[in-house]
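Heads up: the sequence lines are chains L and Y, in that order.
Position in the first sequence (first residue = 1) + 981 = our numbering.
Position in the second sequence (first residue = 1) + 981 = our numbering.
Positions of the beta carbon are idealized from the N, C-alpha and C atoms, including for glycine.
A quick write-up on the structure given underneath.
Protein chains: 2
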Amino acid sequence: MTRQRRSDAESGARQKLIDAGIILFGLHGYEATSTRSLAAAAGVNLAAIPYHFGGKEGLYRAVASHIVDARNAVLGPYFERIRSLCADPAAGRDTLVSALRAMIQALAADTLGTSQGRDASQIMIQEQIALTPAFDLFYEGFFCTALDAWTGLVARLTGRDAGHPDTRLRALALLGQIVIFRVGAFTVLRHLGWQRFTPEAVESIAEICIEQIEASLAPAAAASPGGAS
Amino acid sequence: MTRQRRSDAESGARQKLIDAGIILFGLHGYEATSTRSLAAAAGVNLAAIPYHFGGKEGLYRAVASHIVDARNAVLGPYFERIRSLCADPAAGRDTLVSALRAMIQALAADTLGTSQGRDASQIMIQEQIALTPAFDLFYEGFFCTALDAWTGLVARLTGRDAGHPDTRLRALALLGQIVIFRVGAFTVLRHLGWQRFTPEAVESIAEICIEQIEASLAPAAAASPGGAS
DNA sequence: GTCTATAGTCGGATAGAC
DNA sequence: GTCTATCCGACTATAGAC
C-alpha cells in the first residue's frame, strides 16, 4: 500500500494538486480559486488538472474525498467508541463522559491545533455556505455519522430519545460551543487579542467546552421538560 | 428623512444595487459574485456600479455598512439593555437572566427566522472565512460591542472577571450554541430532515439554547474552577 | 444618470509536439 | 505524463453618445 494503485501515480502530480487544493479551496472557496493558482501552488503544469481530474470540479471532488478520508482517520475512532458505548446498556455514566471528553479534546486539538485539521475544516466550512455538488460527499462521509454518534451520546446522558428532534437540537447546540472557535476564528482571535491558538489556548477551550457541556447534561434522566416544540 | 440626502438618489439605483449585493455577496462571496449578476439582479445597468460606488469593492463596502447599521437597529437595543444592566450593581439575577433570554430569542428570530436577518448574517459568515478589507467594519461596528456586552453578562452571572480570557472563552462558547444553527444551517436542516426553520423550530432552538446556557451559568459565584490555562 | 460599445485582463479547457 | 500555444468565454472598468 505504498501507492494508491493508480495508473498515473508516477510523478505525484495528483497528490501535489490535491494538497494545493486543500489549501486554496479552503482559503478562497471553489469559485474564487483559479486553476492557474492551483497549478502554480502545486508546481505542476496547468494542463495537469484536466488530464488527471477531468477539470477543476474533478479536482475539487478529489480534494473533498481526501479530506473525508483523512478526518475519518483522525476523528473516526472517537465517534466509533461513542457509538459502541451507546450500544452497550452496561456502559456507566463515567465511561460515557470520558468518551465525551476524549472526543471534544480530539476535535479541538485537530481543528484548532493542527494545520491539517485547520485546512480540512476550512473547506468543510466553505461547503456549509456555498453548497457545491460535493456537499453530499461531506455529509454522507463524515457529518452524518459523527452527528448521529454525538446525538446518541447526548440522548444517553440525558435520558432522552435520540430520535426526537429536540434531542438532536440539543446535541447540535452543545457542539456549537466548540465549532464557533473554528468558524469564527478571526473574530475570536481578534476579540481576545491573540495572534493564533496556542496549544495552551486549545486546551483551555476544550476544557471550558467540556465543563459547560457537562453542566448542560447534568439534569439527566430527571423531569425532562422536553423543550418548546 | 424620507431620503438619505444623497446627490444621486433620484432613481434608487444605489439602493437596488445594495439590496442585490446583500443577497448575492452573501450567497457566493465577494470574489465569486460578478458585477454582471449584481446589475442584472438589481435591474440596473452594469455601468451603474462604477458610477455610484467607484467599482465592485465600493459596492461591497456600502453593502457591509448597510448591514452593520441594519443589524444594530434590530439587535442593538438588546445588547444596550444588557450593557446598562451590567453597569447597574443593583440589577438582580432574574432581571439579568430575562435580558439574556430576550437577547437569545431576538438573535434566533432574526438570523434564522427573517429573510433580512438571514441574508445579513450570511455575509457576516462569509466575512469570517474570507477576510475582505471590510472585516474591520463588521468587527468595529457590530461584533466588538455585541461580544463585549455578552461577555459582561456572562461574567456578571457567573461571578467572573469580564477581562479574563477564560471568561471571554466561556461567553464565546455559549454563544456558539445558537451560532451553529445559522452557520451550519444546511447540515442542520439535512440532519433533521427539515426543509427550512419554521417559526416553531426557531422557538424550540432558542428555548433549548437558553436552557442549556442557563445550566452552564448556574454554578454562579461559587468555587469558580477557572478553566485550564 | 443611464445607456451601448469596447478595451484589457483573466478564466477553464484543449490540441498537438515531445 | 508533461509541456507550449491557443481558443473562447467571462470578467471589471471605461469612453462617449444621449
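9 Å Cβ cutoff, L:Arg1151 in contact with chain Y: As a working note, residue 1151 of chain L is residue 170 in the first sequence. Yes, its Cβ sits closer than 9 Å to a Cβ of chain Y.
Spatial distance of Y:Ala1080 from L:Pro1146 (CA atoms): Stepping through the second sequence from its first residue, residue 1080 of chain Y is reached at position 99. Stepping through the first sequence from its first residue, residue 1146 of chain L is reached at position 165. Straight-line Cα distance between these residues: approximately 27 Å.
Coarse secondary structure for Y:Gly1208, derived from DSSP in three states: In the second sequence, the residue the question calls residue 1208 of chain Y occupies position 227. For Y:Gly1208, the predicted model reports a pLDDT of 43, less than 50, meaning its position is unreliable; a value from the coordinates is still stated below. Here Y:Gly1208 sits in coil by DSSP.
CB contact check: L:Arg1141 to chain Y, cutoff 9 Å: What you label residue 1141 of chain L is simply residue 160 of the first sequence in a count that begins at 1. Not closer than 9 Å to any Cβ of chain Y, the Cβ of L:Arg1141 fails to qualify, so no.
Residue nearest to L:Ala1115 in terms of C-alpha spacing, selected from L:Gly1036, L:Pro1031, L:Leu1173 and L:Val1044: The count along the first sequence starts at 1 and reaches residue 1115 of chain L at position 134. If we check each option's Cα against that of L:Ala1115, L:Val1044 comes out closest.
Cβ-Cβ distance between L:Leu1134 and L:Ala1152 below 9 Å: As a working note, residue 1134 of chain L is residue 153 in the first sequence. As a working note, residue 1152 of chain L is residue 171 in the first sequence. Taking 9 Å as the Cβ cut-off, L:Leu1134 and L:Ala1152 qualify as a contacting pair.
Presumed contact (8 Å Cβ cut-off) between L:Leu1088 and L:Ile1159, rounded CB distance: By 1-based counting over the first sequence, the position of residue 1088 of chain L is 107. By 1-based counting over the first sequence, the position of residue 1159 of chain L is 178. 6 Å between Cβ atoms; contact.
Closer than 7 Å at the beta carbon, the chain Y residues around L:His1009: Locating residue 1009 of chain L in the first sequence gives position 28, counting from the first residue. By Cβ distance, chain Y contributes Glu1012.
Presumed contact (8 Å Cβ cut-off) between Y:Ala994 and Y:Ala1051, rounded CB distance: Here the question's residue 994 of chain Y lines up with position 13 in the second sequence. Here the question's residue 1051 of chain Y lines up with position 70 in the second sequence. About 19 Å; that fails the 8 Å criterion.
Neighbourhood of L:Ile1110 by C-beta distance below 7 Å, restricted to the same chain and skipping five residues each side: Taking the first residue of the first sequence as 1, we reach residue 1110 of chain L at position 129. Exclusion of the five residues before and after L:Ile1110 leaves no residue of its chain whose Cβ lies closer than 7 Å to its Cβ.
Any chain Y beta carbon closer than 9 Å to L:Ser1079: Position 98 of the first sequence, counted from the start, is the residue given in the question as residue 1079 of chain L. Not an interface residue.
Residues near Y:Val1169 by beta carbon distance below 6 Å, same chain, minus five either side: Working through the second sequence from its first residue, we reach residue 1169 of chain Y at position 188. Cβ contact annotation for Y:Val1169 (same chain, cutoff 6 Å, sequence separation greater than five): Phe1162, in chain order.
Cβ-based burial, L:Ser1102 [other Cβ within 10 Å; buried from 16]: Residue numbering aside, residue 1102 of chain L sits at position 121 when the first sequence is read from its first letter. Burial check for L:Ser1102: the Cβ neighbour count within 10 Å reaches 16 or more, so the residue is buried.
Minimum C-alpha distance to Y:Ser1256 - residue among Y:Ile1186, Y:Thr1179, Y:His1009 and Y:Gly1010: Past the boundaries of the shown model lies residue 1256 of chain Y; chain Y is included only from 982 to 1210, so the question cannot be answered.
Contact under 9 Å by Cβ, L:Gly1002 with L:Leu1019: Position 21 of the first sequence holds residue 1002 of chain L. Position 38 of the first sequence holds residue 1019 of chain L. The answer is yes: Cβ separation under 9 Å.
Nearest residue (CA-CA) to L:Gly1007, options L:Leu1056, L:Ile1106, L:Val1164 and L:Gln996: For the purposes of this step, residue 1007 of chain L is taken as the residue at position 26 of the first sequence. In terms of Cα proximity to L:Gly1007, the closest of L:Leu1056, L:Ile1106, L:Val1164 and L:Gln996 is L:Ile1106.
Buried versus exposed, by CB contacts within 10 Å (16 or more), Y:Met982: Locating residue 982 of chain Y in the second sequence gives position 1, counting from the first residue. Residue placement at Y:Met982 is flagged as unreliable, the pLDDT there being 39, under the threshold of 50; a coordinate-derived value is accordingly withheld.
Y:Val1044 - containing alpha helix (DSSP H), residue span: Sequence index remark: in the second sequence, residue 1044 of chain Y carries index 63 (1-based). For Y:Val1044, the enclosing alpha helix (DSSP H) has its first and last residue at Lys1037 to Cys1067.
C-beta atoms of L:Thr1132 and L:Thr1113 nearer than 9 Å: Position 151 of the first sequence holds residue 1132 of chain L. Position 132 of the first sequence holds residue 1113 of chain L. No, they are not a contact pair.
Whole-Å CB distance - Y:Tyr1011 paired with Y:Tyr1041, under 8 Å assumed: As a first step, residue 1011 of chain Y must be located in the second sequence, where it is residue number 30. As a first step, residue 1041 of chain Y must be located in the second sequence, where it is residue number 60. Rounded, the Cβ-Cβ distance is 6 Å, consistent with contact.
Y:Asp1129 beta carbon near the ligand FMN (any heavy atom closer than 8 Å): Because no ligand of any kind appears in the structure shown, any question about the ligand FMN cannot be addressed here.
Whole-number beta carbon distance between L:Val1164 and Y:Val1049, since they are thought to touch under 8 Å: Position 68 of the second sequence, counting from 1, holds the residue named residue 1049 of chain Y. Position 183 of the first sequence, counting from 1, holds the residue named residue 1164 of chain L. Not quite, the Cβ-Cβ distance comes to about 20 Å (not below 8 Å), so this is no contact.
Chain Y within 9 Å of L:Thr1092, Cβ atoms only: Here residue 1092 of chain L is taken as the residue at index 111 of the first sequence, counted from 1. Not closer than 9 Å to any Cβ of chain Y, the Cβ of L:Thr1092 fails to qualify, so no.
Beta-carbon separation (whole angstroms), L:Ala1199 vs Y:Ala1196, contact threshold 8 Å: Counting from one through the first sequence, the residue named residue 1199 of chain L turns up at place 218. Counting from one through the second sequence, the residue named residue 1196 of chain Y turns up at place 215. Sure, about 7 Å apart at Cβ, within 8 Å.
As assigned by DSSP and simplified to three states, the class of L:Glu1121: Along the first sequence, read from residue 1 onward, the residue named residue 1121 of chain L stands at position 140. If DSSP states are grouped into helix, strand and coil, L:Glu1121 belongs with the helices.
Where Y:His1145 sits in the DSSP three-state scheme: In the second sequence, residue 1145 of chain Y corresponds to position 164, counting from 1. Coil.
Residues of the region 1146 to 1178 of chain L with Cβ closer than 8 Å to any Cβ of chain Y, in chain order: From the region 1146 to 1178 of chain L, only Pro1146, Asp1147, Arg1149, Leu1150, Arg1151, Leu1153, Ala1154, Leu1155, Leu1156, Gly1157, Gln1158, Ile1159, Val1160, Ile1161, Phe1162, Val1164, Gly1165, Ala1166, Phe1167, Thr1168, Val1169, Arg1171, His1172 and Leu1173 have a Cβ closer than 8 Å to chain Y.
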